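A quick write-up on the structure given underneath.
Residue numbers (UniProt numbering): 1 to 506.
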């Protein structure tokens, strides 16, 4: 991605950076740089690091200027949280006793600025900052870091400027002075955007109605002089960030099992309605829906919606299409669950397209009233990987799956899976749930059925969708059967193996 020195082009990509060395920490902070004792009552506070490459110095009045900027951000975040219904709360900051100045951990880099460039520079900075906090554990107040790198010449800015996990990287230059020049100066909006990434926010865009009335999303591209907002979906994520809360969360951001049980997507009268039920092993207090145009993979143009769960395991969210910015081409609809502990997980990823400015939904995606699987057994399977048996396809848990063997020898297609339902049923078709998020899902297969004493009868050749949602196939006519069998021909990764999370019948 081409980099430009304009705040309008806000870069917030997550990068995978190598950490192949351990840099030596070059020294401790001077007395003038040491943070004063903080007295704020918030349980967690943002670790604010001012990272100075070797051969450089802190910029003039950086404490005052950066304090003004961070106080502005804190107030702005709090106002947006309140506007979206989460109360006037914001991220905690370590300040002096009077609450007038932010406490900075000044880290002097072991290398010159050439070692801390935009491309690949975050890794070395992170290693040295971790070493600093190992030596100064009393200065670490949370799991979130804001790293500010000074730029002597902002016209040639080449420093880390993005978010990686709980780390946000921004820059400082000597004219970055909100009190003197206002919040619309270069890089202020970009710094607010990258801080959002470090607090857990993905890219998203405001709805059309929001742009016309209140402003544009900080997590897209915005300008504080023209109106800036955080979407409700963004604030729902911040609501679970440890920096916004006074309670101690012992399992903060720890993953837990969660998946969609049933999802139904419909369209009528200009509204796409997404309803469903989910399983979550830990408490969930928010459901976010994102409508992401496939044409732009960075999600800057993705309007979002958010709502609290209905009860403990259900949701229903309406997304009017007149709130979208483009009614052409392909879209990905995503549903995320927001754990109270700060963990966020996508449980639905649904691809569809607009034709004549209306969404065209796949009729084969969705659930059917399934026959209960009680007493069902695997009658025959040609291949299983250790730890991923075919019985996983009958356990009503889409987070487990059957996988054909891939360790050692890897048998190729056709693969065969036979189910004994234990009794005869009138079958209209079969239901499928692919492995969540990762393929090799089954692409093409032949389905056979058999009565208790009869012979195998082909019900046809079918092609499954590349989707981890519920889907189904329909027979040309209902058929009486006790057994059914699938024989695969191909997988979506064009490989030898295949996997399947759930199989059923209706």
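No residue lacks a Cβ here, since even glycine has one placed at the ideal position from N, Cα and C. Computed from a prediction, not measured in an experiment: that's the story for all the values here.
Extent of the continuous alpha helix (DSSP H) run through residue i
i: residue 75; result: 62–83
i: residue 476; result: Segment 470–491 is the beta strand (DSSP E) holding residue 476; no alpha helix (DSSP H) there.
i: residue 448; result: Unbroken run through residue 448 is the beta strand (DSSP E), 442–450; no alpha helix (DSSP H).
i: residue 178; result: 178–181
i: residue 429; result: From DSSP, residue 429 is part of no alpha helix (DSSP H) but of the beta strand (DSSP E) over 416–433.
i: residue 129; result: 122–135
i: residue 191; result: 188–198
i: residue 250; result: Element bounds for residue 250: n/a, residue is neither H nor E.
i: residue 210; result: 208–213
Inter-residue Cα distance where the pair is residue i and residue j
i: residue 505; j: residue 393; result: 12 Å
i: residue 158; j: residue 267; result: 47 Å
i: residue 7; j: residue 48; result: For residue 7, the predicted model reports a pLDDT of 36, less than 50, meaning its position is unreliable; a value from the coordinates is still stated below. When rounded, the distance between both Cα atoms is 21 Å.
i: residue 116; j: residue 363; result: 51 Å
i: residue 162; j: residue 374; result: 50 Å
i: residue 121; j: residue 131; result: 16 Å
i: residue 526; j: residue 252; result: No answer is possible for residue 526: the residues shown for the chain start at 1 and end at 506.
i: residue 435; j: residue 261; result: 13 Å
i: residue 325; j: residue 300; result: 11 Å
i: residue 463; j: residue 502; result: 16 Å
i: residue 45; j: residue 145; result: 9 Å
i: residue 127; j: residue 80; result: 34 Å
i: residue 278; j: residue 102; result: 42 Å
i: residue 444; j: residue 400; result: 22 Å
i: residue 422; j: residue 345; result: 37 Å
i: residue 471; j: residue 356; result: 25 Å
i: residue 535; j: residue 215; result: Since the displayed the chain opens at 1 and closes at 506, residue 535 lies outside it and no answer follows.
i: residue 141; j: residue 171; result: 22 Å
i: residue 143; j: residue 450; result: 58 Å
i: residue 292; j: residue 243; result: 28 Å
i: residue 201; j: residue 257; result: 21 Å
i: residue 448; j: residue 220; result: 50 Å
i: residue 334; j: residue 290; result: 5 Å
Within 9 Å, strictly: CB atoms of residue i and residue j
i: residue 419; j: residue 376; result: yes
i: residue 475; j: residue 239; result: no
i: residue 381; j: residue 446; result: no
i: residue 222; j: residue 193; result: yes
i: residue 304; j: residue 329; result: no
i: residue 263; j: residue 367; result: yes
i: residue 169; j: residue 125; result: yes
i: residue 249; j: residue 319; result: no
i: residue 52; j: residue 107; result: yes
i: residue 321; j: residue 271; result: yes
i: residue 306; j: residue 241; result: no
i: residue 433; j: residue 500; result: yes
i: residue 383; j: residue 411; result: yes
i: residue 349; j: residue 469; result: yes
i: residue 342; j: residue 308; result: no
i: residue 195; j: residue 237; result: no
i: residue 160; j: residue 147; result: yes
i: residue 417; j: residue 452; result: no
i: residue 225; j: residue 184; result: yes
i: residue 426; j: residue 484; result: no
i: residue 439; j: residue 493; result: yes
i: residue 178; j: residue 104; result: no
Beta-carbon separation (whole angstroms), residue i vs residue j, contact threshold 8 Å
i: residue 496; j: residue 403; result: Wrong, their Cβ atoms sit about 12 Å apart, outside the cutoff.
i: residue 247; j: residue 43; result: 7 Å
i: residue 275; j: residue 203; result: So it is not a contact: roughly 26 Å between Cβ atoms.
i: residue 166; j: residue 233; result: The Cβ separation is near 19 Å, so there is no contact.
i: residue 340; j: residue 283; result: 4 Å
i: residue 188; j: residue 280; result: That pair is no contact at about 38 Å.
i: residue 429; j: residue 466; result: Their Cβ separation, rounded to whole angstroms, is 19 Å, which puts residue 429 and residue 466 out of contact at 8 Å.
i: residue 152; j: residue 254; result: The pair is not a contact, with the Cβ atoms about 41 Å apart (cut-off 8 Å).
Closest by C-alpha distance to residue i, when choosing among the options
i: residue 332; options: 200, 239, 351 and 122; result: 351
i: residue 174; options: 142, 215, 58 and 325; result: 58
i: residue 230; options: 384, 445, 75 and 436; result: 75
i: residue 180; options: 64, 490, 464 and 406; result: 64
i: residue 88; options: 94, 77 and 97; result: 77
i: residue 150; options: 335, 66, 431 and 451; result: 66
i: residue 454; options: 493, 482, 437 and 431; result: 482
i: residue 323; options: 206, 314, 269 and 104; result: 206
i: residue 155; options: 135, 186 and 134; result: 186
Where the beta strand (DSSP E) through residue i begins and ends
i: residue 504; result: 502–505
i: residue 287; result: 284–293
i: residue 381; result: 377–381
i: residue 171; result: 167–172
i: residue 108; result: 105–108
i: residue 344; result: 344–355
i: residue 277; result: 271–280
i: residue 148; result: 145–150
Residue i: CB within 8 Å of a non-hydrogen atom of the ligand MG
i: residue 365; result: Here there are no bound small molecules, and the ligand MG is not part of this structure.
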